[in-house]
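First residue of the sequence shown: -7, per our numbering; consecutive thereafter.
Glycine is no exception: its CB is placed at the ideal position from the N, C-alpha and C atoms.
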Amino acid sequence: MKHLFSLLAAVALVLTAFTPAASAQVTPNQSDTISQAASVTVTNATTLTISSNRIDVVAGRGIAFLTAYTGAGASTDNLTFKFNVSHDGTTWTTSTPITATQALNGTNAVVGYFIIPPTSLDHVNYLRLASIANAATNNATVTSVRWMVKP
């Protein structure tokens, strides 16, 4: 009996030595820069059409945006980032049902952040930046618009 327990213990030890270690599969964040909105000037009191590349929407996840821009004068009026949505990546809304507004800070550089929550993206498969509207009395230069989705 003593030898049976020793034999079973040895077999169990050998089997655990060849069992792969458990590990979680990690999916990296998805992120990119909207190249069509890099280093663009939005003229005062106008809207600049962008029509960026599409962003794949992950069900149940929001999309975070980091924006960088500078005003050409003392204005603290708003820049409004407007988005189209699509179910197939080909047919896009003609309106911009999703918008985010951020304020200029005179001639100071601004790094802004906004998130489009998952509830705003229900039943949407794709999103794209359609335009940037400038309500200010002076021009604004957008240096970058970057997006990120956590898995």
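Of the residues Val141, Lys142, Pro143 and Ala132, the one placed nearest Phe73, counting alpha carbons only: Ala132
DSSP three-state assignment for Leu113, whether helix, strand or coil: helix
Beta-ladder partner(s) of Val141, from DSSP: Gln22
Reference Ser112, options Ala60, Ser27 and Arg53, closest by Cα: Closest by C-alpha distance to Ser112, out of Ala60, Ser27 and Arg53, is Arg53.
Classification of Thr83 by the beta-carbon crowding that lies within 10 angstroms, buried from 16 upward: exposed
Sub-8 Å separation of Leu119 and Ile55 beta-carbons: For Leu119 and Ile55, yes; Cβs fall inside 8 Å.
DSSP bridge partner residues for Asn70 (one or two, in chain order): According to DSSP, which records beta bridges pairwise, Asn70 is partnered with Ala95.
Integer-rounded CB distance, given that Ala29 should sit under 8 Å from Val134: 6 Å
Exposed unless 16 or more other CB atoms sit within 10 angstroms - verdict on Asn45: exposed
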